[in-house]
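Before any comments, here is the structure.
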Amino acid sequence: MFGREKSKSPATDRIETVIGPNTNLRGDIRSDGGVRIDGIFEGSLQTAGNLIVSEGAKVVADITAHNVSVAGAIKGNVNANRVEILATGRVWGDITVTSFLLDEGGFVRGEIVMQGADIEPPLIEPPKPSQDIVDVQAE
Numbered sequence: 153m154f155g156r157e158k159s160k161s162p163a164t165d166r167i168e169t170v171i172g173p174n175t176n177l178r179g180d181i182r183s184d185g186g187v188r189i190d191g192i193f194e195g196s197l198q199t200a201g202n203l204i205v206s207e208g209a210k211v212v213a214d215i216t217a218h219n220v221s222v223a224g225a226i227k228g229n230v231n232a233n234r235v236e237i238l239a240t241g242r243v244w245g246d247i248t249v250t251s252f253l254l255d256e257g258g259f260v261r262g263e264i265v266m267q268g269a270d271i272e273p274p275l276i277e278p279p280k281p282s283q284d285i286v287d288v289q290a291e
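The sequence shown begins at 153 in the working numbering and counts up by one.
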């Protein structure tokens, strides 16, 4: 209306909270928008938006976010729709995710649990017994 276009990206895509490179923050963050960490954060972090952990950033926290991009370091568990660990990214902790991407050079130490459709692993049928088997009793 009136020649203005509405923003096509939802609020969760916008970075609304930034922890700067010279900032050391301890506590709990709860946000509906995106969060970018360039400094040091310790505590817990929950956001309905995206989380970006920049190169050189250090995070010690359990994290719940829509999407997570890691170029820095995280020590703690991550629960997200999509996790991307870039070449400089490091994660020590368990990751629960629907979509996972690990760039060459990226590092993960922990368990990765893929969620989503219940996909069954392929089954290899055991070999069928041969008709020539003879039952021999030891005397």
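Heads up, the beta-carbon is just placed ideally off N, CA and C, and yes, glycines get one too. If you're wondering where the values come from, they're calculated on a predicted model, not measured in any experiment.
The continuous beta strand (DSSP E) containing Leu253 extends over residues 247-254. According to the DSSP assignment, Asn174 belongs to no beta strand (DSSP E), since it is labelled neither H nor E. Under the three-state reduction of DSSP, Asp165 is assigned to helix. Within the DSSP bridge table, the entry for Asn233 names no partner. Nearest to Ile167 by C-alpha distance, out of Gly179, Ala200, Gly224, Val211, is Ala200.
Gly195: member of the beta strand (DSSP E) spanning 192-199, first to last residue. Taking the C-beta atoms as reference points, Asn233 is found no nearer than 8 Å to Ser206. The beta carbon of Pro173 sits closer than 6 Å to those of Asp190, Gly191, all from its chain and outside the five residues before and after it, given in chain order.
For Leu203, the secondary structure class from DSSP, reduced to helix, strand or coil, is strand. Pairing Asp270 with Gly241, the inter-Cα distance amounts to about 29 Å. Per DSSP, the unbroken beta strand (DSSP E) holding Gly186 starts and ends at 186-189.
Rounded to the nearest whole angstrom, the C-alpha separation of Asn231 and Val170 is 20 Å.
Within a 10 Å sphere around the beta-carbon of Leu253 sit fewer than 16 other beta-carbons, which makes this residue exposed.
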